[in-house]
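One structure is given below, encoded as C-alpha cells.
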Amino acid sequence: MQDDIEFDEFCDPNNPRKIKYDDILAAAKRISGDTVKTSSSKAHMSEKLGMEIFLKQEFMQYTGCFKERGVRNALTLLSDEQKKLGVISASTGNHGLSMSYHSTLMGIPCIIVMPIQAPITKISKCEQFGAKLMLHGNNIGEAKKFAMGVAKEKKMRYINGYDHPNVIEGQGTIGIEIIEQIHGVDAVLVPVGGGSLVTGIAVAVKHLKPDTEVYGVQTEKTCSMVESFKKNERVAITIDSTIADGLAVNMVGVNAYYNLKGLLDKMVIVKEDWVARAIMHIVEEERFVVEGAAAVPVAAIMAGLFPNLKGKKVCCVISGGNIDTTILARALERGMAAEGRLMKFKVTVTDRPGGMAELCGLLSAVGVTLRDCIPERAWVKSDIFSCELKIIAETRGWDHTKELIEQVKKHYKDYYFPEMADKQDKAPGARRGPCLAPNPVCMQK
C-alpha cells in the first residue's frame, strides 16, 4: 500500500485519524495572531428570510478564504527538517493561495499543482504569493496524483487541503469563534467540498454546544459527500464546471468522512441557479463580494430548504471571496434573470423614422431600462417596412416585468416572450440529503 504513489499516511483509509476538540483548541492558540479572527455580523436579509442570520466572514482572511487556518496550523507543526525540504499540494485555488502565502512568510519551499481549468484569479495570486505553480490535469483528482508523485520524488510533504488532520483542526477554530461570537446559536450552515471545514466546525461546535445543529451544504454538481453518505462509503463522482469551484472535490477526505458520521445533522443539496441568486443578494444587501462556494449556505436558505430554522439564530459560514470578475458578472446577471429583473423578448416595429423611438418611449414610460437592442430586417416575415427588435430589458422584478409585457402586447401586434414563471420560484431549490444524526432532530421539528 505504501508503494502506491497516492498513499498518504495522514489520510489512510485503513487508519482514519480521530479529530479531537483539544487539538482544535491547541490549534486556535497556535495560529492566533497569524490568521484573522473574523467577524460574525447579523445579515440585513435576516428579516426577509425569516430567521436571525449571522455571516461568518472568512473572506476577510488575507488570502480571502478560510483555508489559512488549517494551512498555518499544519505548517507550524512540521519538523525543522521537513520545513527545509518543503511542501506541496494540489488545489483548485483557495488552499493553494493559503499555502503560497504562509509558506512564503515562514520561509518554506512550496509547490502548488492546480488543474488546467483553475480560476485565473487564483492562479495569478498563487504566483504573486511566492509559490512555484504547476498546472496539470483536468480536475483536482488528476492534479493530486501528479503532486503526490512530485512529493515522493523530491521528499516534500504533501499537505492534503481537505483532509490532513492538522488542516481539519485549524478549520475547527472557526467553530470555537462561532460559539464565542453568537450567543445561543441554534444552527451552523457550512459549505462542503472535501470535508475539512465542516468536520472541524462540527467537532468544535458539538463539543461546546451539543444542541446546536450543524448542516453541510453542497450543490447538485459537487455532491460527493451526499453520495458517500448514501452509499455508506467514500465514492468518487464526476465534476464538470461549477459556480462553486471551491467545492469541486470528486471524493471526500478519509478523515472528514470518518469523523462526520453521527456528528453532522444533515446534508443538503442546492441548485446552482440559487447560488447565483445568493451571490447577487449578498452583494446587493450585505455589500460583500463572495465566491460561489461561500454563497451555498445562504442559497439553501433562500431556496426554502430549512423550514425548521424559521425564527432561529443561524450562522452561515461565508468561506471565501475569491471570485473571478467575469464569473461574478455572469452570476449577477444569472441571478437577475432568475428573479425576473432581466428579461428578453422580440417585438416587430415599423422601420420608418420614429419606429424604434416609439418603443424606447414606451419602455421609458413603464420605467424599464433598455440593456440591449439588436435590429433584424432580413428574416422578418411581415412587410418590408417592418423591423424585428431583439430586446434585453432590466426591470424591478416579476410584477414590473408583467407590466412591461402587458404594455407591449397592447401597443404591438407581433411579439414573442419566452415562457416564464408567473411569479418568483418558491419551490425548494433541490433535494435534501440523508439525515446523519444518531437521534434525528433536524427536519422533523
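If you're matching positions, the sequence shown starts at 688 in this note's numbering and goes up one per residue.
Every residue, glycine too, gets a C-beta built ideally from N, C-alpha and C.
Owing to the predicted nature of the structure, the values given are computational and were not obtained by experimental measurement.
Please name the residue, chosen from T1035, K958, S1051 and G1027, that lies closest to E1106 on a Cα-to-Cα basis.
Per the Cα distances, G1027.
Taking the Cβ atom as the reference point for each residue, do L822 and G882 lie within a distance shorter than 8 Å?
no
Roughly how many angstroms separate the alpha carbons of S778 and W1085, rounded to a whole number?
41 Å
Here's the rule I'm using: 16 or more other beta-carbon atoms within 10 Å means buried, otherwise exposed. How should E755 be labelled?
By the neighbour-count rule (16 or more Cβ atoms within 10 Å), E755 is buried.
Could you tell me if the beta carbon of V936 falls within a distance shorter than 7 Å of some heavy atom in the ligand ATP?
No copy of the ligand ATP occurs in the structure displayed, which carries no ligand at all.
D709 lies in the alpha helix (DSSP H); which residues open and close that run?
Y708 to I718
How many whole angstroms separate the CB atoms of G871 and K1000, which I take to be in contact at a CB cut-off of 8 Å?
6 Å
Buried or exposed: D898, going by 16 or more other Cβ atoms within 10 Å of its Cβ?
exposed
List in chain order: all unbroken alpha helix (DSSP H) runs of 4+ residues lying wholly within the region 772-843.
781-793, 807-816 and 827-841
State yes or no: is the C-beta of G1007 within less than 8 Å of the C-beta of G848?
At the C-beta level, G1007 and G848 stay beyond 8 Å of one another.
Would you report the Cα separation of A986 and R964, rounded to the nearest angstrom?
7 Å
Nearest-angstrom Cα distance between R864 and K918?
First, the residue type needs correcting, since residue 864 is Glu and not Arg in the sequence shown. Approximately 33 Å between the Cα atoms of the pair.
Could you check the C-alpha separation between N1126 and V936 for me, to the nearest Å?
Caution is warranted here: a pLDDT of 43 is assigned to N1126, below 50, making its placement in the model unreliable, and the coordinate value is therefore given only provisionally. Each residue's Cα considered, the two are about 29 Å apart.
Have a look at P1062, E1045 and F741 and flag the residue whose alpha-carbon is nearest the alpha-carbon of H1098.
E1045
So, are the CB atoms of L762 and I795 less than 8 Å apart?
yes
Report the residue ranges of all beta strand (DSSP E) runs contained in full by the region 872-910; include only those spanning at least 3 residues, in chain order.
874-878 and 900-906
Helix, strand or coil for E920, going by three-state DSSP, please let me know.
Three-state result, E920: coil.
Alpha helix (DSSP H) containing A1044: first to last residue?
Run containing A1044: G1042 to V1053, per the alpha helix (DSSP H) assignment.
So if DSSP puts Q868 in a beta bridge, which residue, or which two residues, is it bridged to?
Looking at the DSSP assignment, Q868 forms no beta bridge with any residue, so it has no partner.
Verify whether the separation of the beta carbon atoms of V977 and F746 is less than 8 Å.
In contact: V977 and F746 (Cβ atoms closer than 8 Å).
Along the chain, where does the beta strand (DSSP E) containing A1080 start, and where does it finish?
S1073 to E1081
Which residues mark the beginning and the end of the beta strand (DSSP E) in which V955 is found?
K953 to V957
Any chance the region 729-746 sits against the region 967-982, with 3 or more Cβ pairs inside 8 Å?
yes
Considering only C-alpha positions, which residue in the set S1073, Y1102, L895 and I799 is nearest to Q815?
I799
If you follow the beta strand (DSSP E) that M1030 is part of, which residue opens it and which one closes it?
L1029 to T1037
What are the uninterrupted segments assigned as alpha helix (DSSP H) that are 4 or more residues long and contained completely in the region 976-1026, given in chain order?
979-989 and 1012-1025
Do the region 848-863 and the region 889-897 make contact, defined as three or more Cβ pairs closer than 8 Å?
yes
Can you name, in chain order, every residue of its own chain whose Cβ lies under 6 Å from the Cβ of Q769, other than the five neighbours on each side?
Answer for Q769: R844, listed in chain order.
Whole angstroms are fine: how far does the CA of F1032 sit from the CA of C1047?
14 Å
Do E914 and V922 have their C-beta atoms closer together than 8 Å?
yes
In chain order, what residues of the same chain have a beta carbon less than 7 Å from the beta carbon of F1104, not counting five sequence neighbours either side?
F1032 and I1092
Looking at G780 and K735, is the spacing between their C-beta atoms short of 8 Å?
Going by C-beta atoms, K735 is not nearer than 8 Å to G780.
Expressed to the nearest angstrom, what Euclidean distance is found between the alpha-carbon atoms of A990 and R759?
35 Å
So for L765, helix, strand or coil by DSSP?
In the structure shown, L765 sits in coil (DSSP, three-state: anything other than H, G, I, E or B).
Per DSSP, what kind of secondary structure is R759 in: helix, strand or coil?
Residue state for R759 is assigned as helix, using DSSP reduced to three classes.
Drop a sphere of 10 angstroms on the beta-carbon of G979, count the other beta-carbons inside from all chains shown, and report buried for 16 or more, exposed for fewer.
buried
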